[in-house]
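Residue numbers (my numbering), protein chains in the order written: chain E, 1 to 546; chain H, 547 to 664.
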């Protein structure tokens, strides 16, 4: 009734005298006609639980309140508002409102003619009012649906901005991607991030849930990844950082699975870390295998670390990254597509777009006609050309990575200087400027010292391995340790040395190592594999670096 | 192979000069500590650290210098550095040690061009 009484009162508005005037509220005869909302007297709602409601619903005509004996709060309210006669508006047995009238101005009672006239009016008005109510409700619902559809459309447009507009164009690589949300917007995402020096960050992620909530979390995850990946590069560090930031703001019961891979297209070398995502399938000459790495999904708790693994995509190998949507699809009998089926599907020579089309065809053949997609589906396929690698073609010098030397030093203190001097000799052919050579020496010495301290714990029998590579546009020194003493502090998390604080005794005098390393070279990355870790120092060649 | 740090202290005007020889790293702790303990007894003027005969300073060596600087500041003794190569001058700038100690101009410092920590 609440919703019904008020609209009726408004519908009767201007053309009717105020049916329930408050004492003293009667407008002066020469007063301007009141608008609907200015009508005096409050609308009186009659709840369905009030006995008056049932009485009015079954009353044969207008009801004289003075003669009515009912224990009803609404009745008292009406009387208090000066209502003398209530005309029920009933259509199809449903009470949709009342027409409330005060005493006649002549102070006489309503005559039987008055009542008959009012009864006839109510009988004709009630269906018309009901129709008007329904039209208004439908118009309101249609406007709401249209607004929602418009908002979804905008959300879709926004989400599309987060997906790559074009795929990387890499010589000797065939790359394709498919993105199919289950609804207008989805929680899956994929991306290719340019990390410089020809390296590509490749990410596929899946937010729990679907629709707008998932899309919002997807947008946030994507933004953080885009910001952190070029800065940190190392997949484990990137996922750890994204996890820490997401966990602080993730809605309850939501999380993100994500696989992040750094690809060196020139060599096929990949470093990857996994936050609870499906393991990529790799089709090699020896069959289909998985790139295995473990880690918790993003956004659950802060302070997690992510295992990093390295591998190589050989010439002719094909890799598929994918989200849950494909493996969790069901056929009409409820059977799930599953990992084994997808793995078997990878036993094909197809690659790129042809591979993805084939996988989708097989999926649709499995699910049958009229399948309602249950979850977002994302797939990224990359394949290295069979002729890639080996001796670089003369027209593709960018593929060349020259290993200048690889050696070990004992894990005892003092050998950091041995490593430094060896690297200085090894890089003589590169022709570094003296100042840059000095910086590289300091970076190597500090990194080797960390490796001895953290990796070998000073044990001469646990060596530190060093590899020097000349690349097309850079020089890389990779210093690997055994990780016996725990991890080197994360570059992003390490406390910055503050000389004021140190001089004031608020920080220890030590703690300059990582800071110096970062200042001395153009880029520092830490690649972790289990407890072992490799610090990669990069100096850009060609005058653009430090 | 370089030699571990040796430090020689000489009174100079109202202060002292500490001549450092060899490498400044974890093995130089005692030499650096002893040198300052001796230098602080010499008057109240500046303490000059002469790096011309050093050939290697690492982050642990930087920490030893920071510790010496903190003690000197508590004692009200200004600290000056001379004989640093351009590379170590850069490190002193990066670490902001140069905000708290005077670095001699290398142009006026023959030792810096002839040798010094490199």
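Glycine included, each C-beta is placed from N, C-alpha and C at the ideal position.
- With a threshold of 9 Å between beta carbons, residue 621 of chain H makes no contact with chain E.
- Here the alpha carbons of residue 384 of chain E and residue 288 of chain E stand approximately 15 Å from one another.
- Distances from the CA of residue 583 of chain H to each of H/568, H/640, H/616 were compared; the closest alpha carbon is that of H/616.
- The three-state secondary structure of residue 557 of chain H, taken from DSSP, is strand.
- Taking a Cβ-Cβ cut-off of 8 Å, the neighbours of residue 615 of chain H in chain E comprise 503, given in sequence order.
- Distance from the CA of residue 207 of chain E to the CA of residue 150 of chain E, rounded to the nearest whole angstrom, comes to 23 Å.
- Around the Cβ of residue 157 of chain E, a 10 Å sphere holds fewer than 16 other Cβ atoms; the residue is exposed.
- Positions of the alpha helix (DSSP H) runs, each at least 4 residues long and wholly inside the stretch 549–625 of chain H, are given as 575–585, 605–620 in order along the chain.
- Boundaries of the beta strand (DSSP E) around residue 407 of chain E: 402–409.
- By the neighbour-count criterion, in which 16 or more other beta carbons inside 10 Å mark a residue as buried, residue 67 of chain E falls on the exposed side.
- By the neighbour-count definition (other C-beta atoms within 10 Å, threshold 16), residue 402 of chain E is an exposed residue.
- Taking a 10 Å sphere around the C-beta of residue 148 of chain E, we find fewer than 16 other C-beta atoms and assign the residue as exposed.
- Residues of the stretch 587–609 of chain H with a C-beta less than 8 Å from any C-beta of chain E: 602, 604, 605, 606, 608, 609, listed in chain order.
- Within 9 Å of the CB of residue 417 of chain E, the CB atoms of chain H belong to 547, 548, 569, 571, 602, 604, in sequence order along the chain.
- The residues 507, in chain order, have a CB closer than 7 Å to that of residue 501 of chain E in the same chain once the five nearest residues on each side in sequence are set aside.
- Proximity to residue 153 of chain E across E/128, E/124, E/185 peaks at E/185, based on C-alpha coordinates.
- The beta carbons of residue 376 of chain E and residue 181 of chain E sit about 5 Å from each other, so the pair counts as a contact at 8 Å.
- Contact between the stretch 337–345 of chain E and the stretch 133–143 of chain E is absent: fewer than 3 CB-CB pairs across the two stretches fall below 8 Å.
- Rounded to whole angstroms, the separation of the alpha carbons of residue 420 of chain E and residue 567 of chain H is 20 Å.
- It is roughly 41 Å from the alpha-carbon of residue 323 of chain E to the alpha-carbon of residue 516 of chain E.
- In terms of beta-carbon proximity, residue 642 of chain H lines the interface with chain E, with at least one pair separated by less than 9 Å.
- Interface annotation, residue 516 of chain E: in contact with chain H, CB-CB separation under 9 Å.
- With three or more CB-CB distances shorter than 8 Å, the stretch 532–540 of chain E counts as touching the stretch 447–460 of chain E.
- Under the three-state reduction of DSSP output, residue 222 of chain E falls in the helix class.
- A contact between stretches requires three or more CB pairs, one per stretch, nearer than 8 Å, and the stretch 118–131 of chain E meets this requirement with the stretch 89–97 of chain E.
- Taking all protein chains in view, the Cβ of residue 336 of chain E is surrounded by fewer than 16 other Cβ atoms within 10 Å, so the residue is classified as exposed.
- According to the DSSP assignment, residue 201 of chain E belongs to the beta strand (DSSP E) that extends over 199–207.
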